[in-house]
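331 is the number of the first residue of the sequence shown in our numbering; add one for each residue after it.
Okay, structure first, notes after.
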Amino acid sequence: MYNMSRGRRVYLIYRQNGSGASANSAQRVFFFFFCEGQVPKFAHMNKIKKRIGVLTGGGDCPGLNAVIRAIVKTADNDYDVEVIGFKDGYEGLIDNRFLEIDSRNVSGILARGGTILGTSNRADPFNYPVLQDDDYVYLDRSSQAVRNFEALGLDALIAIGGDGTMAASAGMVKKGLPIVGVPKTIDNDLVGTDVTFGFDSALVTATEAIDKIHTTAQSHHRVMIVEVMGRYAGWLALYSGVAGGGDIILMPEFPYDIRGVCDAVRTRNAQGKTFSIVVVGEGAKPIGGDMVVARKVKTSPDALRLGGISHQVAAQIEGMINIECRVTILGHLLRGGTPSAFDRILATRFGVESVHMAARGEFGKMVVLRNNQMESVALEDVAGKLRLVTTDHEMIQTALSLGLSLGCPSDVPFAEFYTKLAETH
Ligand code: F6P
């Protein structure tokens with residue numbers, strides 16, 4: 331429908347059918363004209379500058395700026411469309427806080443961690459916390475968000491975020507906003523995409539940390555427990571455990587049996603290996619036990635903040651084996667720093683494709699990576715769901731083939747044990 335080759339400019343003319351502030355995205359009709367070195371007559375005569383909005387919601391991660399940069403450059407180069415960025419996720423849309431972004435002010439941000447727009451993981455437009463008399467009341471501010479969007483003359487919104495942002499976006503689509511979602515999170519737990527950007531950078535940081543922990547573990551003959559983020563998903567623990575040469579990996583999806591963990595340490599000792607590395611996902615829990623909640627953020631859609639299970643694991647191991655344990659919790663370190671090359675590429679591809687999707691009028695969808703191709707899924711199919719590690723995942727099989735303990739009793743096959751456990755709980 332339009333030509334994307336370099337040096338050719340695509341002109342976009344927009345017509346809104348229907349009336350009223352909440353015209354549905356289906357009523358918005360885009361016309362595309364492309365030219366090869368010349369401006370089409372009709373487009374040239376009727377050209378109106380279009381505008382799209384972008385926001386980053388949820389916890390930050392490396393690669394957010396790479397997406398923003400790709401969006402701004404694609405909007406400018408391929409469509410001659412302006413971009414405004416809302417500050418602090420949906421908060422900015424609700425409170426009308428934004429800045430205009432053009433190719434000049436995205437220069438140099440590709441390699442920068444965090445987000446130049448700011449973010450918030452408490453800005454659900456349908457349940458928006460407002461401080462009143464020293465306490466929070468929760469208001470539905472979604473109509474205010476729609477009014478601001480329309481007053482700014484926006485033609486599309488690109489929402490970059492995790493499951494919370496995608497759920498809010500699915501709701502805003504129902505209110506008539508033309509939204510394209512872009513998946514980010516170090517947790518890698520969004521359904522529909524093979525991977526989210528941010529995950530690889532966090533994996534690199536975790537792996538480097540585990541590498542460093544190895545030398546001190548070896549010198550002191552200790553069990554070193556490294557706790558990584560990931561919330562309810564064990565992807566970061568599993569991948570960094572394998573990449574960093576961990577010996578035991580504990581994930582939220584598979585409640586651990588402490589005897590199995592201790593057996594693995596003893597087996598290593600019997601083989602003359604006087605240290606062990608345990609990589610623990612922050613959402614891990616013992617069989618019959620609970621996740622460790624570090625704090626509750628009551629204004630956040632998911633109030634629980636996990637962290638600290640590694641201290642429990644250390645105490646349990648020391649209670650059963652005469653060996654010293656030490657704990658390292660990597661925490662927010664995993665969200666910081668420059669994005670890896672993989673994440674820069676993925677974030678850039680997502681950013682470019684999200685603008686093309688907006689131009690094609692593909693709203694209510696999230697761009698995804700599947701089999702290394704850019705595809706899309708409905709936001710509704712993403713909202714409220716989590717992609718978790720399963721017993722049959724190839725990486726689980728890989729870890730087991732390497733002889734790693736994944737926290738199950740040493741005398742029972744892993745898949746069999748957790749299938750039975752799932753049936754009885
Ligand atoms: O979802 C990303 C994440 O870093 C999780 O891994 C972690 O549990 C959570 O965010 C921490 O949130 P906060 O930034 O509010 O402490």
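Ideal Cβ placement from N, Cα and C applies to all residues, glycine included.
In this text, all values refer to a predicted model and were calculated from it rather than measured experimentally.
Check                                                                                                                                                                                   : Outcome
If you count every other CB in all the chains shown that lies within 10 Å of the CB of Asn478, and 16 or more means buried, which is it?                                                : buried
Touching or not, the stretch 516–526 and the stretch 709–725, by the rule of three or more beta carbon pairs under 8 Å?                                                                 : yes
Tell me whether the beta-carbon of Cys738 lies closer than 9 Å to the beta-carbon of Tyr586.                                                                                            : yes
Which runs of the beta strand (DSSP E) fall wholly inside the stretch 387–434 and span at least 3 residues, in chain order?                                                             : 412–416, 428–431
Give the secondary structure of Asp493 by DSSP, where H, G and I count as helix, E and B as strand, and everything else as coil.                                                        : helix
Confirm, please, whether the CB-CB distance from Phe456 to Gly491 is below 9 Å.                                                                                                         : no
Using DSSP with H/G/I as helix, E/B as strand and the rest coil, what is Cys738?                                                                                                        : coil
Distance check for Arg635 and Gly590, CA to CA, integer angstroms please.                                                                                                               : 27 Å
Of the residues Asp620, Pro508, Lys403, Ile488, which one's Cα is nearest the Cα of Lys514?                                                                                             : Ile488
For Thr545, does the count of other Cβ atoms within 10 angstroms reach 16, so buried, or fall short, so exposed?                                                                        : exposed
Assign Arg625 to buried or exposed, taking buried as 16 or more other Cβ atoms, counted over all protein chains shown, within 10 Å of its Cβ.                                           : exposed
Which runs of the alpha helix (DSSP H) fall wholly inside the stretch 652–690 and span at least 4 residues, in chain order?                                                             : 671–689
Nearest by alpha-carbon distance to Arg679: which of Glu724, Gly387, Phe527, Gln462 is it?                                                                                              : Phe527
Using the C-alpha atoms, what's the distance from Thr658 back to Leu566?                                                                                                                : 15 Å
Name the DSSP bridge partner or partners of Arg625?                                                                                                                                     : Arg635
For the stretch 598–608 against the stretch 551–561, do three or more pairs of beta-carbon atoms, one drawn from each stretch, fall closer than 8 Å, so that the two count as touching? : yes
So the candidates are Leu447, Cys655, Leu734, Ile651; which of them puts its Cα closest to the Cα of Gly575?                                                                            : Leu734
My guess is that Leu507 and Val476 are in contact by the Cβ rule of under 8 Å, so how many angstroms apart are they, rounded?                                                           : 6 Å
Just to confirm, does Glu421 get its C-beta within under 8 Å of one of the non-hydrogen atoms of ligand 1?                                                                              : no
Out of Ile382, Lys380, Thr386, point me to the one whose CA is closest to Ala677's CA.                                                                                                  : Thr386
Is it buried or exposed for Pro582, if we count other Cβ within 10 angstroms and need 16 for buried?                                                                                    : buried
Given this structure, state the Cα-to-Cα distance separating Asn702 from Pro669, to the nearest angstrom.                                                                               : 19 Å
Return the residue from the list Glu412, Ile401, Asn395 that minimises the CA-CA distance to Lys379.                                                                                    : Glu412
DSSP three-state label for Asp465, please.                                                                                                                                              : strand
Compare the C-beta of Ala486 with all C-beta atoms of chain C and state if any pair is closer than 9 Å.                                                                                 : In summary, chain C is missing from the structure at hand, where a single protein chain is found.
So does the stretch 410–425 actually touch the stretch 442–457, counting three or more Cβ pairs closer than 8 Å?                                                                        : yes
Identify which residue in Ala400, Pro631, Met621 has its Cα closest to the Cα of Leu469.                                                                                                : Pro631
Could you give the residue range of the beta strand (DSSP E) that holds Gly511?                                                                                                         : 509–513
Using a Cβ-Cβ cutoff of less than 7 Å, which residues in the same chain neighbour Ser352 once the five nearest sequence positions on both sides are dropped?                            : Because the pLDDT of Ser352 is 38, which lies under 50, any placement of that residue in the model is unreliable, and the number read from its coordinates should be weighed accordingly. Once the five neighbours on either side are set aside, the close Cβ partners of Ser352 are Val476, Lys505, Gly506.
What do you get for Arg700, buried or exposed, if any count of 16 or more other CB atoms within 10 angstroms of its CB means buried?                                                    : exposed
How should Asn376 be labelled, buried or exposed, when 16 other C-beta atoms within 10 angstroms of its C-beta is the threshold for buried?                                             : Bear in mind that the predicted position of Asn376 carries a pLDDT of just 41, short of 50, making it unreliable; the figure below should be weighed with that in mind. Its Cβ having fewer than 16 others within 10 Å, Asn376 is exposed.
When DSSP labels each residue in this structure, what does Ala563 get in the three-state scheme?                                                                                        : coil
Since I believe Val610 is in contact with Ile758 (beta carbons under 8 Å), could you give me their beta-carbon distance rounded to a whole number of angstroms?                         : Absent from the structure is residue 758, since the part of the chain shown begins at 331 and ends at 755.
Look at Asp408 and Val685 and say whether their C-beta atoms are less than 9 Å apart.                                                                                                   : yes
Rounded to the nearest angstrom, what separates Pro616 and Phe529 at their Cα positions?                                                                                                : 25 Å
For the beta strand (DSSP E) containing Leu730, name the first residue and the last one.                                                                                                : Here Leu730 belongs to no beta strand (DSSP E); instead the alpha helix (DSSP H) covers 724–731.
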